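Everything below concerns the one structure shown next.
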Amino acid sequence: MTELFGNGVSGGYAIGRICFIDSASPKIEKQTISDTKAEILRLEEGFETALDRLDCLYRDAIKEVGQAEAEIFNIHKMMLEDIDYRSFAKNIIITERLCAEYAVSVTKERFSDMFSSMEDTYMKERAKDVRDVSDRLILILSGKEETSLSSLSGIIAADDLSPSQTICLDKGKVSAFITQNGSKNSHTAILARGMNIPAVCNLGSSLSREFDGATAIVDGRAGRVIINPTDELIQKTESHIKKERESHDLFKALIGQPTVTTDGTKINLFSNIGDLSDIDSVLENDSEGIGLFRSEFIFLGRNTAPTEAEQFEVYKKAAEKMNGKKVIIRTLDIGADKKAPYLPLENEENPAMGLRAIRFCLFHQDIFKTQLRAILRASAYGNISIMFPMIISKSEIVSAKKLLYSAMAELDGEGIPYNKDIEIGIMIETPAAALLSDILADEVDFFSIGTNDLTQYTIAVDRQNNAISDLCAENQGAVLKLIAMTAFSGRKAGIWVGVCGEMASDTSLTDFFIKSGINELSVSPHNTLRLRKKIREI
Ligand code: PEP
Ligand code: MG
Numbered sequence: 350m351t352e353l354f355g356n357g358v359s360g361g362y363a364i365g366r367i368c369f370i371d372s373a374s375p376k377i378e379k380q381t382i383s384d385t386k387a388e389i390l391r392l393e394e395g396f397e398t399a400l401d402r403l404d405c406l407y408r409d410a411i412k413e414v415g416q417a418e419a420e421i422f423n424i425h426k427m428m429l430e431d432i433d434y435r436s437f438a439k440n441i442i443i444t445e446r447l448c449a450e451y452a453v454s455v456t457k458e459r460f461s462d463m464f465s466s467m468e469d470t471y472m473k474e475r476a477k478d479v480r481d482v483s484d485r486l487i488l489i490l491s492g493k494e495e496t497s498l499s500s501l502s503g504i505i506a507a508d509d510l511s512p513s514q515t516i517c518l519d520k521g522k523v524s525a526f527i528t529q530n531g532s533k534n535s536h537t538a539i540l541a542r543g544m545n546i547p548a549v550c551n552l553g554s555s556l557s558r559e560f561d562g563a564t565a566i567v568d569g570r571a572g573r574v575i576i577n578p579t580d581e582l583i584q585k586t587e588s589h590i591k592k593e594r595e596s597h598d599l600f601k602a603l604i605g606q607p608t609v610t611t612d613g614t615k616i617n618l619f620s621n622i623g624d625l626s627d628i629d630s631v632l633e634n635d636s637e638g639i640g641l642f643r644s645e646f647i648f649l650g651r652n653t654a655p656t657e658a659e660q661f662e663v664y665k666k667a668a669e670k671m672n673g674k675k676v677i678i679r680t681l682d683i684g685a686d687k688k689a690p691y692l693p694l695e696n697e698e699n700p701a702m703g704l705r706a707i708r709f710c711l712f713h714q715d716i717f718k719t720q721l722r723a724i725l726r727a728s729a730y731g732n733i734s735i736m737f738p739m740i741i742s743k744s745e746i747v748s749a750k751k752l753l754y755s756a757m758a759e760l761d762g763e764g765i766p767y768n769k770d771i772e773i774g775i776m777i778e779t780p781a782a783a784l785l786s787d788i789l790a791d792e793v794d795f796f797s798i799g800t801n802d803l804t805q806y807t808i809a810v811d812r813q814n815n816a817i818s819d820l821c822a823e824n825q826g827a828v829l830k831l832i833a834m835t836a837f838s839g840r841k842a843g844i845w846v847g848v849c850g851e852m853a854s855d856t857s858l859t860d861f862f863i864k865s866g867i868n869e870l871s872v873s874p875h876n877t878l879r880l881r882k883k884i885r886e887i
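Under the working numbering, the letters of the sequence shown match residues 350 to 887, in that order.
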C-alpha cells in the first residue's frame, strides 16, 4: 500500500483502477540523427502503424456512427498515402538529418498551410485533417499513441489534463482524476467539480507511471490517493461513499423549497455548466437557472469551430430544457489555459493577460458574430441572457454591444425571430471592472462576479500555479472589498449582481455576500442544495 498526498480540488471518494494518459500535446524536440536510413525506416513503420490504426477506427466508426461519418478516416488514410506528403517528410530527414517526429511536424505545418490557403471551402477545411492525422503519426513515432479519451474509465491519471482532454472524457465512466500538476482554480479542477468527480492534483512525481493499472482509493477532499489499498480500507471507503450518498439524500429534502433567508430575502440560486449534459444535474438539484454557461467548452475537444447552426442547436436545447428558467450564456472565453487548435491563438508570454475572452472576440469579429447570431436565434426559445467575459472598460462593452446590434439587424433583415430585449450582462473579473463598476453599470442589465479571475488579477496569484494557491485564501480581503464595491454599484444603478466564481460555493462567505447585497449565486449543480440550506439559515 502506498499513500500519495496532493491537493484535493474536488471532494468525494472513489475506488477504481488507475488509467494513465498522456498530456495534451507531445513536445517535439528538434533532434539530429546520424543514421538517416534507419530513421527513414522508422518513419515508414510509423506510416504503416498509423494506416492500420485508421483502418480499425474506420471499422469502429461505421458501427458507431455510420458510413458517412466514418469516411473521415478514409480521407486521413489518403493523406498519409500521399506521395508528396511522404517525400516531403523523408526529404527533411535526409537533407537536414533531423528526427522523424520533427520531420512530420514540419510537414504538417507545410501541408496544412497549403490547404488553408485554398479558395475552395471544402479543401480549406482539410487543413485540420492534415494536422489531425500528422499528430496521430507523431504520437505513434514517439511511442505516446493516442487513446480514445471517451472510452477511458476508472481513475484517470496524467501529468496534467487540459480542459480539452477533460471535456472528451465520459463522465459516466470516469470515477476520479489524479494529476502530478494542476491547481484548484484551473478549469480542469472546475470541470471535475462540475462533473461531481473527486479530483486530487499536484501529486508531483510521486504519481508514477508504474501505478498504471493499479487499484486505488481517491479522497478528493483530503487530497489523498492510496495505491493498492487493503481490503479493510476498501470496505471502509465503500461505507464512506454510502454515507456521502445518504447525506446528499438529506439535502434532497430541500428540493422545491424557496431560496430565502430567514428575513425573507430572495437569493437566486443558479448553476454553472460547461455543456448540455450538465443540465440533467442542474434540474435534479432543483437549481433555479443557469448563471454561467461556459460556452467555450463547446469549442474544445474538436477540430473545427462549431458552426452557427451547431451552436444555435446547443443554446436552443439549453433554453428549452430549462423551460423558462434563466440561462446566462457567457460568450467565448477562449485563451489562457483554454486552447482550441483551429482557433487563431498565438503562443503568448503571459496568456492569462493576453488575447483572451472578449479581447479575442473583438479581434476576431467573424467568430464572435457567429456566436452572437446563434445565441440571439436561440433566445426565441427560452429565457436566455448574454454575458461578456473579462471586461476592463466601457469601450469594450460598447464595441461588443455594437456587434450584437449588428447581428440583430442581420436577423431582422432575414426575418429570423429573437428576443429583442435580451438581457445583457458582463463578468466582473478584473480589478479594472470592479473599480469602474459604477460607470459600467450604465451599460448593462447585470453583473456577474467571476471570483476565480478576480482573485488571480487582484492578488497577482496565477490560478494555474499550485505552489502559491494558499495565498488566495489568506489574502481574500482585497477581493472581498472589490466584490462589495461591485454590489454597491449595481444596487445604486438598479441592476442585479451575482457571483459565479468558485467563491460562490464557499458557505463561510454566504453571509458576507448577502449582507453586501448580492442577488444571485451560481455554483456547480451538486452544490446547489447545500447552499440553499445555508442561505435558509441566514
Ligand atoms: C471566474 O473567473 O470566476 C469565472 C467564473 O470564469 P472562469 O472560471 O471560467 O474563468
Ligand atoms: Mg473567468
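Just so it is clear, CB atoms sit at the ideal spot from N, CA and C, and this is done for glycine as well. No experiment lies behind these values; they were computed from the predicted model shown.
Here the region 813-821 does not lie against the region 831-846, with fewer than 3 beta-carbon pairs under 8 Å apart.
With fewer than 16 other Cβ atoms from the protein chains shown falling within 10 Å of its own Cβ, D819 counts as exposed. Inter-segment contact for the region 719-736 and the region 692-705 is absent: fewer than three beta-carbon pairs are separated by less than 8 Å. Between K439 and L392, the C-beta gap is smaller than 8 Å, which places the two residues in contact.
Among the bridge pairs identified by DSSP, Y362 is matched with D568.
Exposed is the label assigned to T351, since fewer than 16 other Cβ atoms lie within 10 Å of its Cβ. Look at T586 here: in three-state DSSP terms it is helix.
By DSSP's assignment, G850 forms no beta bridge with any residue. Where A833 is concerned, the enclosing alpha helix (DSSP H) starts and stops at G826 to A842. 8 Å or more divides the Cβ of I370 from the Cβ of I616. Listed as beta-bridge partners of E772 by DSSP are S734. In terms of side-chain proximity, the C-beta atom of D682 is found nearer than 7 Å to a non-hydrogen atom of the ligand PEP. Excluding five sequence positions before and after T856, the CB atoms of its chain that fall closer than 6 Å to its own CB belong to K883, given in chain order. With a cut-off of 7 Å, the C-beta of P700 is classified as distant from the ligand MG, since no heavy atom of the ligand falls inside that distance.
For A525, the three-state secondary structure derived from DSSP is strand. Non-local beta-carbon contacts of T804 in its own chain, meaning distances under 6 Å to residues more than five positions away in sequence, involve C821 and V828 in chain order. Not one heavy atom of the ligand MG is found less than 7 Å from the C-beta of P655. With contacts defined by Cβ atoms closer than 8 Å, R885 and V609 form a contacting pair. Using a 10 angstroms sphere on the CB of E763, the tally of other CB atoms stays under 16, which defines it as exposed. Proximity of the beta carbon of D802 to the ligand MG is indicated: a heavy atom of the ligand is located closer than 7 Å. G360 and M428 have their C-alpha atoms some 45 Å from each other.
Under the rule that a run must span 4 or more residues, the alpha helix (DSSP H) segments found entirely inside the region 670-758 read 706-712 and 714-727. Taking C-beta atoms as the reference points, I382 and L488 fail to come closer than 8 Å. Rounded to the nearest whole angstrom, the CA to CA distance from N545 to K520 is 9 Å. Inclusion of I504 and E450 in the CB contact set at 8 Å is not warranted, their separation being larger than that value.
Of T564, D761, V358 and I724, the smallest CA-CA separation from G531 is found for V358. Taking C-beta atoms as the reference points, A363 and P547 count as a pair closer than 8 Å. Scanning T444, E772, R708 and I443 for the CA closest to the CA of G640 turns up E772. Counting other Cβ atoms within 10 Å of its Cβ, G847 reaches 16 or more and is therefore classed as buried. Per the Cβ contact rule, the region 675-692 is in contact with the region 647-656 (3 or more Cβ pairs under 8 Å). Using a cutoff of 7 Å, the CB of E662 does not count as near the ligand MG, since none of the ligand's heavy atoms is closer than that. Its chain contains I832, A833, A836 and F837 as the residues whose beta carbon lies nearer than 8 Å to that of S865, once the 5 sequence neighbours on both sides are disregarded; these appear in chain order.
For F796, there is no enclosing alpha helix (DSSP H); the enclosing beta strand (DSSP E) covers residues F795 to I798. Relative to the ligand MG, P780 has its C-beta separated by 7 Å or more from all heavy atoms. Taking 8 Å as the cut-off, the beta carbon of N672 is found no closer than this to the beta carbon of S728. Taking non-hydrogen atoms of the ligand MG into account, the C-beta of G623 is found less than 7 Å away from none of them.
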